[in-house]
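J.:
Written out as structure tokens, the structure is:
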């Protein structure tokens, strides 16, 4: 069947991934977290935004399985809804920078010349700069919001992807199938998108997977500092904000341990998946 | 070597100009009028729009942005980083005060990371696929996956609140004369948290670099001479495996600095990170501008330092 073409081209990717037990465990954890986020309205008995001052910072109980936060909102509900926010910020940010990275890297590697030199110097500069300082500068100007976070992480994350794609294109463009395409009059755009890009996809997928883990960490860090997703919208990072007070930290562990664990689980599982994908997609790599 | 470094320095200048110009333009897009920050707001309100316009003219705000940037640049080269919008203090003095704590935190974390990562990486490589190899890999994954602020909070919860053996925040005990032991006692927890995160990539690089080296001919030759295994590993293999690590550490410095900003926030560490966060919250743009400049300079200088160290530890490297 036509739908199996990508699998047939790289035989055994799934088989190799499946043998990587840690990666499989990672995929399972991520599946559970995603399901929890998607099915949040079904799983959460309480409204994550409902403020109840009478139940302020109360401990875990039957009606609030993980207690309530400083505004009396249900921590368990917020944690599930926060999964939606944190996972989608990671996904959108990485989608933006993968797109930018692939386009710039493909352009750089295919055409070379001064445009290549300029793009690569730009990548060097972005890579050499402490991105967190630049991000908080931009957030200070634009104001913190969930969309600005996606945009800023997305706009600054592209250099590693661009470098990978460029390096692959530099060698791929010299191959005979490119020459063959040219002789029959195939346009550059078609060579880039139909002939070269599919060959460069595997390492991009691996880099984007690790990138998603980093983007989730970055969003969590920024939201924790008050520069990311703003309450009342819950994100795993901003749910830990209250724990900067020592009283909350010491006597209300239900407020900060669950969301912190969720970040660690999500990032760990995505890193494991990335590791498995790297082994599965690139048989030469023996880690 | 000298000419190489001079050339590197020359390349760094346009990079710095590019970064600072970009940040300057971004900051100039910020909403709000600097007049409100610099001039007594009561005077502005009382004297009306004409006065505001007069002040804008006097402060040079009506100049085109490129002229304002050039003026900023001229002042920076004379050591004037401007004045804070919030407390009108010179920024150079503020940075001078905040830089040593951050550098202290970063360097102790880096030393700790190297002390953890190099032995673990070497052990992982010489005992490949053993229990210790797998444990080091898992530890590495955990260290890059647990957010540093969560690890900080957990560290404070356990080691400062439940078993109170370490302080929860700050750099010194307030009201007690400065002593080295007190400073180290405060440094321990933030340095451990930051060091663990930094150790993870170093373990992986040490391991793969070591794996590459121990299959080289000169290692086999050393064994064939009848040298003891520890001599072979630690004197012949390790020295060669470590030189690429210098580059890895240098390339990781921006990440370490980012980590320091978050750890400083949790531990109320009086460094550049907390200064940057306070400046962002107070919309103190001149301070934000200066911190961007200082971080860019620091990273460029440390990359050059890494090149020098690389040439020193590995005589095969020749710059021309």
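Residue numbers (our numbering), protein chains in the order written: chain F, 1 to 287; chain B, 1001 to 1320. Quick reminder that beta carbons are idealized off the backbone N, C-alpha and C, glycines included.
(1) Around the Cβ of residue 1236 of chain B, are there at least 16 other Cβ atoms within 10 angstroms (buried) or fewer (exposed)?
(2) Would you list, in sequence order, the uninterrupted alpha helix (DSSP H) runs of no fewer than 4 residues that lie entirely inside the region 8–68 of chain F?
(3) Whole-angstrom Cβ separation of residue 1166 of chain B and residue 1160 of chain B, contact assumed at under 8 Å?
(4) To the nearest angstrom, how far is the alpha carbon of residue 199 of chain F from that of residue 273 of chain F?
(5) For residue 76 of chain F, count the other beta carbons within 10 Å of its own beta carbon; 16 or more makes it buried, fewer makes it exposed. Which is it?
(6) DSSP three-state label for residue 1182 of chain B, please.
(7) Is it buried or exposed for residue 78 of chain F, if we count other Cβ within 10 angstroms and need 16 for buried?
(8) Contact check, residue 1004 of chain B vs residue 1310 of chain B under 8 Å by CB: the rounded distance?
(9) For residue 158 of chain F, count neighbouring Cβ atoms within 10 angstroms of its own Cβ and tell me buried if that reaches 16, exposed if not.
(10) How would you label residue 118 of chain F, buried or exposed, when you count the other beta carbons within 10 angstroms and need 16 or more for buried?
(11) Under 8 Å, with one C-beta from each stretch per pair, do the region 1189–1200 of chain B and the region 1110–1125 of chain B reach the 3-pair mark?
(12) Using a Cβ distance threshold of 8 Å, determine whether the region 163–175 of chain F contacts the region 101–117 of chain F, with at least three qualifying pairs required.
(13) When you compare the CB positions of residue 270 of chain F and residue 26 of chain F, do they come within less than 8 Å of one another, or not?
(14) Quick check: what's the CA-CA separation for residue 1257 of chain B versus residue 1106 of chain B?
(15) Just checking my contact of residue 1287 of chain B with residue 1273 of chain B at CB under 8 Å: how many whole Å lie between their CB atoms?
(16) Rounded to the nearest angstrom, what separates residue 51 of chain F and residue 1144 of chain B at their Cα positions?
(17) Starting from the Cα of residue 1208 of chain B, find the closest Cα among B:1137, B:1226 and B:1171 and give me that residue.
(18) Measuring only between beta-carbons, confirm whether residue 1303 of chain B sits less than 8 Å from chain F.
(19) Taking 8 Å as the limit between beta carbons, can you name the residues of its chain near residue 1030 of chain B, skipping five residues before and five after?
(20) Mind checking residue 97 of chain F: buried by the 16 CB within 10 Å criterion, or exposed?
(21) I'd like to know whether the C-beta of residue 1241 of chain B is nearer than 8 Å to at least one C-beta of chain F.
(22) What is the DSSP secondary structure of residue 1167 of chain B, counted as helix, strand or coil?
(23) Whole angstroms are fine: how far does the CA of residue 156 of chain F sit from the CA of residue 1291 of chain B?
(24) Three or more beta-carbon pairs under 8 Å between the region 1026–1042 of chain B and the region 138–157 of chain F, yes or no?
(25) Between the region 215–226 of chain F and the region 1261–1270 of chain B, can you find at least three pairs of beta-carbon atoms closer than 8 Å?
(26) Using a Cβ cut-off of 8 Å (strictly closer), state whether residue 1267 of chain B contacts chain F.
(27) Which residues, in order along the region 1036–1049 of chain B, keep a beta-carbon less than 9 Å from a beta-carbon of chain F?
(28) Taking residue 234 of chain F as the query, report the chain B residues whose CB atoms sit under 7 Å from its CB, ordered along the chain.
(29) Compute the minimum distance between the beta carbon of residue 34 of chain F and the heavy atoms of the ligand MN, and state whether it is under 7 Å.
(30) Thinking just about the alpha-carbon of each residue, which of B:1128, B:1246 and B:1266 is nearest to the one in residue 1169 of chain B?
(31) Counting only the same chain and skipping the five closest in sequence on each side, list residues whose C-beta sits under 7 Å from that of residue 36 of chain F.
(32) Does the Cβ-Cβ distance between residue 58 of chain F and residue 67 of chain F come in under 8 Å?
(33) Quick one: what's got a C-beta closer than 7 Å to residue 149 of chain F's C-beta in the same chain, skipping five residues either side?
(34) Kindly indicate which three-state DSSP category residue 1319 of chain B falls into: helix, strand or coil?
(35) Is DSSP giving residue 1036 of chain B helix, strand or coil here?
(36) On the CB-based measure, 16 or more other CB atoms within 10 Å of its CB, does residue 1230 of chain B come out buried or exposed?
T.: Reading off the structure:
(1) Reading the second chain from its first residue, position 236 is the one you call residue 1236 of chain B. With 16 or more Cβ atoms within 10 Å of its Cβ, residue 1236 of chain B is classed as buried.
(2) 13–19, 21–38 and 40–43
(3) For the purposes of this step, residue 1166 of chain B is identified with residue 166 of the second chain, where counting begins at 1. For the purposes of this step, residue 1160 of chain B is identified with residue 160 of the second chain, where counting begins at 1. With 8 Å as the limit, residue 1166 of chain B and residue 1160 of chain B qualify as a contact, their Cβ atoms being about 5 Å apart.
(4) Here the question's residue 199 of chain F lines up with position 199 in the first chain. Here the question's residue 273 of chain F lines up with position 273 in the first chain. Using only the alpha carbons, I get a separation of about 21 Å.
(5) Numbered from its first residue, the first chain carries residue 76 of chain F at position 76. The residue in question, residue 76 of chain F, is buried, as its Cβ has 16 or more Cβ neighbours within 10 Å.
(6) The residue you call residue 1182 of chain B lines up with position 182 of the second chain. Under the three-state reduction of DSSP, residue 1182 of chain B is assigned to helix.
(7) For this step, residue 78 of chain F is matched to residue 78 along the first chain. It counts as buried.
(8) Here residue 1004 of chain B refers to the residue found at position 4 of the second chain. Here residue 1310 of chain B refers to the residue found at position 310 of the second chain. Taking a contact as a CB-CB distance under 8 Å, the pair residue 1004 of chain B and residue 1310 of chain B does not count as one, their CB atoms being some 12 Å apart.
(9) Here residue 158 of chain F refers to the residue found at position 158 of the first chain. Buried.
(10) Counted from its first residue, the first chain places residue 118 of chain F at position 118. Exposed: under 16 other Cβ atoms inside 10 Å.
(11) yes
(12) yes
(13) As a position in the first chain, residue 270 of chain F is number 270, starting the count at 1. As a position in the first chain, residue 26 of chain F is number 26, starting the count at 1. A contact, by the Cβ cut-off of 8 Å.
(14) Position 257 of the second chain holds residue 1257 of chain B. Position 106 of the second chain holds residue 1106 of chain B. So the alpha carbons of these two residues sit roughly 7 Å apart.
(15) Position 287 of the second chain, counting from 1, holds the residue named residue 1287 of chain B. Position 273 of the second chain, counting from 1, holds the residue named residue 1273 of chain B. Not quite, the Cβ-Cβ distance comes to about 13 Å (not below 8 Å), so this is no contact.
(16) In the first chain, the residue the question calls residue 51 of chain F occupies position 51. In the second chain, the residue the question calls residue 1144 of chain B occupies position 144. For residue 51 of chain F and residue 1144 of chain B, the distance between alpha carbons rounds to 35 Å.
(17) As a first step, residue 1208 of chain B is located in the second chain; it is residue number 208 there, counting from the start. Cα-wise, what sits closest to residue 1208 of chain B is B:1137.
(18) The residue labelled residue 1303 of chain B in the question sits at position 303 within the second chain. Output row for residue 1303 of chain B: interface = yes.
(19) The count along the second chain starts at 1 and reaches residue 1030 of chain B at position 30. Excluding positions up to five away in sequence, the list reads 1283 and 1285.
(20) Position 97 of the first chain, counted from the start, is the residue given in the question as residue 97 of chain F. Classification for residue 97 of chain F: buried.
(21) Reading the second chain from its first residue, position 241 is the one you call residue 1241 of chain B. Not an interface residue.
(22) Sequence index remark: in the second chain, residue 1167 of chain B carries index 167 (1-based). In the structure shown, residue 1167 of chain B sits in coil (DSSP, three-state: anything other than H, G, I, E or B).
(23) Counting from 1 along the second chain, the entry for residue 1291 of chain B is found at position 291. Counting from 1 along the first chain, the entry for residue 156 of chain F is found at position 156. When rounded, the distance between both Cα atoms is 18 Å.
(24) yes
(25) yes
(26) To locate residue 1267 of chain B, count along the second chain from 1; it is residue 267. Residue 1267 of chain B does not count as touching chain F.
(27) For the region 1036–1049 of chain B, which is checked against every Cβ of chain F, not one residue is closer than 9 Å.
(28) As a first step, residue 234 of chain F must be located in the first chain, where it is residue number 234. Neighbourhood of residue 234 of chain F in chain B, by CB distance below 7 Å: empty, with the nearest CB roughly 16 Å away.
(29) Absence of the ligand MN from the depicted structure is noted, as is the absence of any ligand whatsoever, leaving it without description.
(30) Counted from its first residue, the second chain places residue 1169 of chain B at position 169. Selected option, being the one with the closest Cα: B:1266.
(31) The residue given as residue 36 of chain F occupies position 36 in the first chain. So the list reads 43, 80 and 83, once near-sequence residues are dropped.
(32) Along the first chain, one-based indexing puts residue 58 of chain F at 58. Along the first chain, one-based indexing puts residue 67 of chain F at 67. Yes, they are a contact pair.
(33) Within the first chain, the letter at position 149 stands for residue 149 of chain F. Contacts found: 89, 219, 222, 228 and 229.
(34) The residue given as residue 1319 of chain B occupies position 319 in the second chain. In this structure, residue 1319 of chain B counts as coil in the three-state DSSP scheme.
(35) Locating residue 1036 of chain B in the second chain gives position 36, counting from the first residue. Note: residue 1036 of chain B maps to helix in three-state DSSP.
(36) As a position in the second chain, residue 1230 of chain B is number 230, starting the count at 1. It is exposed - the Cβ of residue 1230 of chain B has fewer than 16 other Cβ atoms within 10 Å.
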